[in-house]
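For reference, the structure discussed in these notes is given below.
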Amino acid sequence: MTKRGNIVRVTLFSLCLGTAVLGGVVIWTLGSRVQSIKTAEQSDPLWITSQLQFELLRFEADLTDYIFGSKSDEEVVERFDILWSRANVMKSGKLARLLEDIGVDTIPLEEFEATLGRVDPLVQSLPGRSAQETDRRLAAQELLAETKQFKSKFRVLSLEIAQAKSRLMLEFRTGLVSLSNAIAYLGIVIFVLIGVVVSILIIDVRSSRRRTHLLEQLVVEAKASAKMKDNFMSVVSHELRTPLTSILGGIAILKTKYGEKLDDGAKKMVDIAQRNAERLLSLVSDILDAHSLEEGKVSISKERLNLNSILISTVEECEIYASQLDVTISLKSSDDELILDADRVRISQVLSNFLSNAAKFSLPGGTVEVEARRKGRWIQTEIIDHGHGVPLDQQSNLFSRFHQVNPGTTGAHKSSGLGLSIAKQLIEMHGGKVGFTSVEGKGSTFWFSLPSATDTETDRIDRAPEIEKEPHRMGKRISIASLG
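Okay, so the sequence shown: first residue is 1 according to this note's numbering, each after it adds one.
Shown next, in the form of structure tokens:
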């Protein structure tokens, strides 16, 4: 996924989120306005005001009938109570808030309510039917005089409420039109966003198909490459190693039967041929071993053995190569039996690699020291040289495949760069660990640790001990591992 694609996706997500928020605001506003209209319809102030006017008229009519004796004082009191309850409805609850919201002047209602409170004692003390008509008339006229002024005020109030209601409905219709337009625009935006999202999904699907096709091609190429590598390894094994072995055998026979008859020049040529053939055979063997380790085709055949015997035999085998470089190998034998479960051939291969590298990087006339000893539950073997050492900038990659350290004096002894990598993998297959310490210009100490046979099963999960980080001591010992 490219950076531009990420920006487009973030932008689309923001637009979708904004659209959703806008839609929610529109719906909430629409619901709020509809609810206000419902409230106005359910508590119609105009209708209630008309009812209040009607009750006022009925109260005055009852007072007139009271004067002529058609209505009793109790009926007048009952009508007064109804009138007062109508006034209370106008001054309390949702209706009062609605009148305040639409901006209607409620002072006439407040004055009317105050007047009702003031005349309430007069109503409650009206003379009964048995009283003189003159007394009833005086009491009724006094009440009519108090309420007469509110007829005109209620007409004005009704007009204001009607105008406010008309204004409210106009605002609602205007807002509804605006909301309808907003919903239409919102629908267009949503439709466009859906189209863009679908387009991006289609592009992503096509891109995914292209990537899948590319990966399939890479898999096919990788399989073909692996097959070619296997074919190459087969060629290396059968077409190179077998002839080289035959050449070395022929050279050995030649030197045995006719060595004394050859002049010095011929002997030198035969020795050169033998060394080059051995070098090529070693290179071929390293390549095949590295390939087998990479493919997991190398198996370890463990047996109970004494490491001292492997050290002695391997040192003897490497002495000829070391002597050609004017280097001596010194083996410090251990008094203890160093018993372990290991593959004799593979451990000997690791030792040969370390010893040949130590000899290669030693100065002429130098000595390579070999020592094995028990360290707790582990058996540690050290190969120590006092030669060139490993440059600091190359130490981190020393065990990588094809990594080579070739100081100027070792140009004639270049290697494949596979030896140390092979040695490390073989030791780790035994449940051990390999490492080194080195000081450039003073030498190196390479070491590997394997679990002791008596503790193989319990200690294989432990961490192999690191070699002591002691200062380099000239003429004594330095940690060295194979520089192959």
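Virtual Cβ for every residue (Gly too), placed ideally from N, Cα, C.
Rounded distance between the beta-carbons of residue j and residue i, thought under 8 Å
| i | j | result |
| --- | --- | --- |
| phenylalanine 361 | glycine 387 | 4 Å |
Reduced DSSP secondary structure (H/G/I, E/B, other) of residue i
| i | result |
| --- | --- |
| leucine 244 | helix |
| phenylalanine 448 | strand |
| threonine 437 | strand |
| arginine 373 | strand |
| isoleucine 27 | helix |
| glycine 432 | coil |
| valine 298 | coil |
| aspartate 65 | helix |
| valine 196 | helix |
| glutamate 260 | coil |
| glycine 443 | strand |
| leucine 398 | coil |
| leucine 325 | coil |
| valine 368 | strand |
| leucine 363 | coil |
Beta strand (DSSP E) segment containing residue i, residue limits
| i | result |
| --- | --- |
| serine 330 | 328-332 |
| arginine 304 | 303-306 |
| aspartate 335 | Element bounds for aspartate 335: n/a, residue is neither H nor E. |
| leucine 392 | First-last for leucine 392: undefined, no H or E at that position. |
Contacts around residue i, its chain only, beta-carbon distance under 7 Å, and the 5 residues preceding and following it disregarded
| i | result |
| --- | --- |
| phenylalanine 80 | Phe59 and Val123 |
| alanine 453 | Arg304, Ile339, Leu340 and Asp341 |
| glutamate 319 | Ile329 |
| isoleucine 490 | No answer is possible for residue 490: the residues shown for the chain start at 1 and end at 484. |
| tyrosine 321 | Ser356 and Ala359 |
| threonine 19 | Leu186, Val189, Ile190 and Leu193 |
| leucine 15 | Leu193 |
| isoleucine 161 | Pro45, Leu46, Thr49 and Val104 |
| alanine 252 | none |
| glutamate 371 | Lys332 and Glu382 |
| aspartate 336 | Arg374 |
Residue nearest to residue i in terms of C-alpha spacing, selected from the options
| i | options | result |
| --- | --- | --- |
| proline 364 | Phe172, Asp326, Ile384 and Leu340 | Asp326 |
| leucine 63 | Ile379, Ala140 and Asp393 | Ala140 |
| alanine 277 | Lys257, Phe150 and Ile247 | Ile247 |
| serine 348 | Gly366, Glu337 and Lys302 | Lys302 |
| aspartate 385 | Gln395, Arg374, Val368 and Glu337 | Val368 |
| serine 85 | Leu98, Gln53 and Ile379 | Gln53 |
| threonine 147 | Leu254, Gly195 and Ala61 | Ala61 |
| isoleucine 82 | Ser225, Leu56 and Ala222 | Leu56 |
| arginine 373 | Ser334, Ile427 and Ser352 | Ser334 |
| glutamine 324 | Asn308, Gly366 and Val284 | Gly366 |
| isoleucine 7 | Lys223, Ile200 and Gly195 | Ile200 |
N- and C-terminal bounds of the alpha helix (DSSP H) containing residue i
| i | result |
| --- | --- |
| glycine 419 | 419-429 |
| aspartate 490 | Outside the shown range of the chain (1 to 484) lies residue 490, about which nothing can therefore be said. |
| alanine 145 | 133-147 |
| leucine 83 | 73-90 |
| alanine 359 | 344-360 |
Neighbourhood of residue i by C-beta, 8 Å cutoff - its chain only, sequence neighbours within 5 removed
| i | result |
| --- | --- |
| tyrosine 66 | Ser72, Asp73, Glu75, Val76, Leu126, Arg136 and Ala140 |
| leucine 492 | Residue 492 is absent from the model: the chain starts at 1 and stops at 484. |
Neighbour flag for residue i against chain D, beta carbons, 8 Å
| i | result |
| --- | --- |
| glutamate 319 | Judged by its chain identifiers, the structure shown contains no chain D, having just a single protein chain. |
Close-in-space but distant-in-sequence residues of the same chain around residue i (CB under 6 Å, 5 per side omitted)
| i | result |
| --- | --- |
| arginine 115 | Reading off the sequence, residue 115 comes out as threonine, not arginine. The residues are Glu146. |
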